[in-house]
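Heads up, the thing below is written out as structure tokens.
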Amino acid sequence: MVGSCEIRSLKFPTRSDKVCYGACDGLVCLFSNRNPSVVFNPATRWRRSFPHSRVQPRIISKKRVCHTREPQLGFGKDKVRGTYKPVWLFNSSEFGLDNATTCEVFDFTTNAWRYVLPASPYRILEGQKPVYFDGSLYWLTECVETKLLSFDLHTETFQVICNAPFSHVPDPRLLVLCILDNRLCVSLKIYPTTTQVIRSLDGTWKQMCSIDLTKTTFHDLPYFPRPALLPIAIVDETILLLGYSCGSPLVIHDLHTKSYVFDSFPKMLEYPLCYFPSLFSN
Numbered sequence: 001m002v003g004s005c006e007i008r009s010l011k012f013p014t015r016s017d018k019v020c021y022g023a024c025d026g027l028v029c030l031f032s033n034r035n036p037s038v039v040f041n042p043a044t045r046w047r048r049s050f051p052h053s054r055v056q057p058r059i060i061s062k063k064r065v066c067h068t069r070e071p072q073l074g075f076g077k078d079k080v081r082g083t084y085k086p087v088w089l090f091n092s093s094e095f096g097l098d099n100a101t102t103c104e105v106f107d108f109t110t111n112a113w114r115y116v117l118p119a120s121p122y123r124i125l126e127g128q129k130p131v132y133f134d135g136s137l138y139w140l141t142e143c144v145e146t147k148l149l150s151f152d153l154h155t156e157t158f159q160v161i162c163n164a165p166f167s168h169v170p171d172p173r174l175l176v177l178c179i180l181d182n183r184l185c186v187s188l189k190i191y192p193t194t195t196q197v198i199r200s201l202d203g204t205w206k207q208m209c210s211i212d213l214t215k216t217t218f219h220d221l222p223y224f225p226r227p228a229l230l231p232i233a234i235v236d237e238t239i240l241l242l243g244y245s246c247g248s249p250l251v252i253h254d255l256h257t258k259s260y261v262f263d264s265f266p267k268m269l270e271y272p273l274c275y276f277p278s279l280f281s282n
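Here the sequence shown is numbered in full-length UniProt numbering, starting from 1 and rising by one per residue.
Below, the structure is given as structure tokens:
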């Protein structure tokens, strides 16, 4: 236990090997480019699988010829209709397609993927996980000045919300979107310094906290920076949980005392996820 939060491992009955950021109404979306994807409720064990999109065979083919950071699936809720939607948004040119980006949305009522037109006019940062917040999915754009891009899951339209609180970042692995304390946040690892900062959006960007990376176990190799730590959740207003995308111990950071404690190393490949149980099933 960390305050009122319980840290534990969950096993999912699926061969999908990737997980969308966060959970939505107690639902976790797991996906794979080789196996069917699935929406799963760990509390009730309810699940529903869905087929590959049109882009996923292209991802597999491209992976065979060159190493690239794969697009990441988004998952969220149309708050007006109460429906849930998996969403792919990816840069088109990498897959031999026209326009800046291509967007696909899965419709559970028809059990089929469909294109959204127009897609985002701005390319997005390579390999980033979109985050769901209050009816929309969010990405960061690949612009000279990085922008915050939203996709309204009801109207299925894209909109630039504002500029990111940082200038252009040459390595997208150093920048992550997250949800903390019910606010949309951006976290940047300031390489080659040993600091990572988190800023939250509340009308304007405000600095929430900074992380001293020298007090974590995750140190950079010369000229090969590790990705930014992923902020997972704030517990009881004082404890920040952080981790990498998979296979690393959680960092438990006390925002008041500035202390850092580490959870044990996972026994298998695990992804950190902030989860609130629900009894949803459909």
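Ideal placement from N, C-alpha and C gives every residue a C-beta, glycine not left out.
In this text, all values refer to a predicted model and were calculated from it rather than measured experimentally.
Which residues does DSSP list as the beta-bridge partners of residue 206?
200
Cβ of residue 109 within 8 Å of any heavy atom in the ligand COA?
Among the ligands in the structure shown, none appear at all, so the ligand COA cannot be discussed.
What does a CB cutoff of less than 6 Å around residue 272 pick up in its chain, not counting 5 residues either side in sequence?
Cβ within range, chain order: 232, 243.
When DSSP labels each residue in this structure, what does residue 231 get in the three-state scheme?
strand
Would you mind stating whether residue 104 and residue 55 have Cβ atoms separated by less than 9 Å?
yes
Who are the Cβ neighbours of residue 74 in its own chain at under 6 Å, not counting the five residues just before and after it?
So the qualifying residues of the chain are 87, 130, 137.
Say whether the stretch 166-179 touches the stretch 91-110, bearing in mind that this needs 3 or more beta-carbon pairs closer than 8 Å, one atom from each stretch.
no
So the candidates are 249, 139, 176, 235; which of them puts its Cα closest to the Cα of residue 89?
139
Does the beta-carbon of residue 255 have 16 or more other beta-carbons within 10 angstroms, so that it is buried, or is it exposed?
exposed
Would a C-beta distance cut-off of 9 Å place residue 37 and residue 24 closer than the cut-off?
no
Buried or exposed for residue 150, please, with buried defined as at least 16 other CB atoms from any protein chain shown within 10 angstroms of its CB.
buried
Check this for me: beta carbons of residue 158 and residue 120, under 9 Å apart or not?
yes
Let me know the secondary structure DSSP gives residue 65 once reduced to three states.
For residue 65, the predicted structure reports a pLDDT of 46, less than 50, and the residue's modelled location is therefore unreliable. A value from the coordinates is still provided. Three-state DSSP puts residue 65 in a helix.
So what's residue 7 in DSSP terms, helix, strand or just coil?
The three-state secondary structure of residue 7, taken from DSSP, is coil.
Rounded to a whole number of angstroms, what is the C-alpha to C-alpha distance between residue 21 and residue 241?
15 Å
So for residue 56, helix, strand or coil by DSSP?
helix
Mind reading off the beta-carbon distance from residue 100 to residue 69? Whole number of angstroms is fine, and I expect it under 8 Å.
At roughly 17 Å, the Cβ-Cβ gap does not stay under 8 Å, so residue 100 and residue 69 are not in contact.
Which of the three DSSP states is assigned to residue 12 in this structure?
Coil.
In whole angstroms, what is the alpha-carbon distance linking residue 213 and residue 235?
Answer to the nearest angstrom: the Cα atoms are 20 Å apart.
Check residue 86 in the structure and name its three-state DSSP category.
strand
In the DSSP assignment, find the unbroken beta strand (DSSP E) run with residue 126 in it and report its ends.
For residue 126, there is no enclosing beta strand (DSSP E), since its DSSP letter is neither H nor E.
Tell me whether residue 164 is buried or exposed, calling it buried when 16 or more other Cβ atoms sit within 10 Å of its Cβ.
Buried: at least 16 other Cβ atoms inside 10 Å.
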